[in-house]
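**Student:** With the UniProt record's numbering, the residue at position 340 of the sequence shown is 340, and numbering never jumps.
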Amino acid sequence: MPSLTTEGCLARRQLLLDAMRELKLDRVILTRGESINWLTGVHLGPLFTPTAALDADGRVTLVLPVRKIDTPAVADVVAGYEAKWHSTMRSDQPQASLQALGEAVGSGAKQLGGEFSVFPQYFEADASSQWTDIEPAMFRLRRHKHADELAMMAFANRANRKMYETARQMVRPGANEIDVFNQLQAAAVSELGEPLTYIGQDFRAAARGGAPRDREAQAGELWIFDLGVGYRGYYTDNARTLSVDGNPTERQVAAHAKLSEVFPLVESQVRPGVSCKAMFEEVQKFLDAADLGTFNHHLGHGVGLAPHEGPHLNPHWDDTFAVGDYFTAEPGLYAEDLNAGLRLEQNYVVTETGVELVTDWPLGV
1 MPSLTTEGCL
11 ARRQLLLDAM
21 RELKLDRVIL
31 TRGESINWLT
41 GVHLGPLFTP
51 TAALDADGRV
61 TLVLPVRKID
71 TPAVADVVAG
81 YEAKWHSTMR
91 SDQPQASLQA
101 LGEAVGSGAK
111 QLGGEFSVFP
121 QYFEADASSQ
131 WTDIEPAMFR
141 LRRHKHADEL
151 AMMAFANRAN
161 RKMYETARQM
171 VRPGANEIDV
181 FNQLQAAAVS
191 ELGEPLTYIG
201 QDFRAAARGG
211 APRDREAQAG
221 ELWIFDLGVG
231 YRGYYTDNAR
241 TLSVDGNPTE
251 RQVAAHAKLS
261 EVFPLVESQV
271 RPGVSCKAMF
281 EEVQKFLDAA
291 DLGTFNHHLG
301 HGVGLAPHEG
311 PHLNPHWDDT
321 FAVGDYFTAE
331 PGLYAEDLNA
341 GLRLEQNYVV
351 TETGVELVTD
361 WPLGV
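#1: From the DSSP output, in three-state form, read off S91 for me.
#2: I'd like to check one pair, F321 with P331: are the Cβ atoms closer than 8 Å?
#3: Along the alpha helix (DSSP H) that carries T51, what are the first and last residues, could you check?
#4: Can you give the Cα-Cα distance for F203 and M20, rounded to whole angstroms?
#5: Between A255 and L299, which are expected to be in contact by the criterion C-beta below 8 Å, what is the C-beta distance as a whole number of angstroms?
#6: For the alpha helix (DSSP H) containing I69, list its first residue and its last residue.
#7: Are three or more beta carbon pairs between the region 43-57 and the region 24-31 nearer than 8 Å?
#8: Which residue from M153, Y164, L98 and W223 puts its Cα closest to that of N176?
#9: Distance, Cα to Cα, S243 vs P136?
#10: Considering just the uninterrupted stretch of the alpha helix (DSSP H) at R158, what are its terminal residues?
#11: So the candidates are L265, L141, L357 and A289; which of them puts its Cα closest to the Cα of L15?
#12: Check whether the Cβ atoms of G8 and A188 sit closer than 8 Å, and answer yes or no.
#13: Pairing CB atoms from the region 113-120 with CB atoms from the region 128-135, are three or more of them under 8 Å?
#14: Look at A290 and V229 and say whether their C-beta atoms are less than 8 Å apart.
#15: Quick check: P315 and F280, are their CB atoms within less than 8 Å of each other?
#16: For the putative contact between V63 and A109, defined by C-beta atoms under 8 Å, what is the C-beta separation to the nearest angstrom?
#17: Can you tell me which residues form a DSSP beta bridge with S275?
#18: How would you write the range of the alpha helix (DSSP H) that G8 sits in, first residue to last?
#19: Are E149 and G304 closer than 8 Å when you measure CB to CB?
#20: To which residues of the same chain is M89 closer than 7 Å at the C-beta, ignoring the five residues directly before and after it?
#21: Based on the DSSP output, what are the partners of S243 in its beta bridges?
#22: Determine whether the beta carbon atoms of H43 and G233 lie at a separation below 8 Å.
#23: Give the DSSP bridge partners of H301, in chain order.
#24: Pull the bridge partners of N238 from the DSSP assignment, please.
#25: So, at 6 Å on beta carbons, what are the nonlocal neighbours of A75 in its own chain, with the 5 sequence-adjacent residues on each side left out?
#26: On the DSSP letters alone, give me the boundaries of the alpha helix (DSSP H) that I36 sits inside.
#27: My output table needs one value for A83: the three-state DSSP class, helix, strand or coil.
#28: Could you please give the first and the last residue of the uninterrupted alpha helix (DSSP H) stretch that includes D179?
#29: For the alpha helix (DSSP H) containing R140, list its first residue and its last residue.
#30: To which residues of the same chain is H297 closer than 7 Å at the C-beta, ignoring the five residues directly before and after it?
#31: With DSSP as the reference, identify every bridge partner of N347, one or two as the case may be.
#32: What residue range is occupied by the uninterrupted beta strand (DSSP E) comprising E250?
#33: My understanding is that P65 touches G80, with C-beta atoms under 8 Å, so please give their C-beta distance in whole angstroms.
#34: Look at the alpha carbon of L196 and the alpha carbon of W38, and state the distance between them as a whole number of angstroms.
#35: Does DSSP classify D76 as helix, strand or coil?
#36: Please report the straight-line C-alpha distance between V105 and L98, rounded to a whole angstrom.
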């Protein structure tokens, strides 16, 4: 099974060191689990609170729960903290982990970087130390997917492909949303051979999205499957829409065909330096002109250590595409006479000259 590699973690370490030099930082303290995964290759899930430090000399210090201290990690120093007392999970893990980190790295660093949105005030530093928010740099660096990250996401997408194959076998009038959800999750777990670290997102027939209900699908409805799994902290996200009775109306077929035309448009225009907002606006005009339904959400977003990250194909951001971006394109059309609408979602990686499609499996309704 693929995992983050030493080579990949060291390459990401160097990128963060370069950012530290630009910001004139002596040390960065990482408290987000996904940041620690990105840097060291360690994913422990939501119940534990690892922390890490990167010094300007390139040394990585990692703090893990004592019972997890032998977890393979790309770090120079690994220290432990007590995550449990007598088998009971401690509520003050963030404090314990950061205190252990402070003891391991010592004092003396004057210019410190932290992830401000999740940074508790437990790390002891000199009173004269100054703090800088490192999160904007981290979010920017995470956009560029390295080969080991792409391998993990490709493996995770095997689960998505298996779920769509399973859905095509199960969808029919009378199919219960909960039953279908259960079988999709089982198919994903069997395909990957281990528990998922996430399962989502949309499993409802005759609805734009939402969690599965104890409800039977009806003839004439469309069923949007916008599916994602988590594999060792990395996410997938793509979508297909199926006709419940296999006999879509002319208008449903027309809407599906129009959405399918968006992908050649994206593939012909996206390259490094192109505006994500401009791409969104062009697709918005294209779908509005079709008069087949309403398109009233983003065109897409990045995926990786979170289900949504940069780049943002969204009018509320002004990102530009860059080499290494892993992004979705998910046009949708919704209307009462579509019962209730369609959404299709493909995944791409930005290359030096354009994009590579990485979800090349059937789109058919």
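Ideal placement from N, C-alpha and C gives every residue a C-beta, glycine not left out.
**Tutor:** In short, the structure shows the following:
#1: coil
#2: no
#3: Note, T51: premise wrong, no alpha helix (DSSP H); beta strand (DSSP E) at T51 to D55.
#4: 43 Å
#5: A255 to L299, Cβ: 16 Å. No contact.
#6: Segment: none, I69 is in no alpha helix (DSSP H) and carries neither H nor E.
#7: yes
#8: W223
#9: 42 Å
#10: A147 to M170
#11: L141
#12: no
#13: yes
#14: no
#15: yes
#16: Rounded, the Cβ-Cβ distance is 16 Å, inconsistent with contact.
#17: T320
#18: T6 to L23
#19: yes
#20: L47 and A83
#21: L222
#22: yes
#23: H312
#24: L227
#25: T40, V60 and L62
#26: G33 to T40
#27: coil
#28: E177 to L192
#29: E135 to R143
#30: G332
#31: T328
#32: Taken as a continuous stretch (DSSP letters only), E250 belongs to no beta strand (DSSP E), being part of the alpha helix (DSSP H) at E250 to S260.
#33: 7 Å
#34: 18 Å
#35: coil
#36: 10 Å
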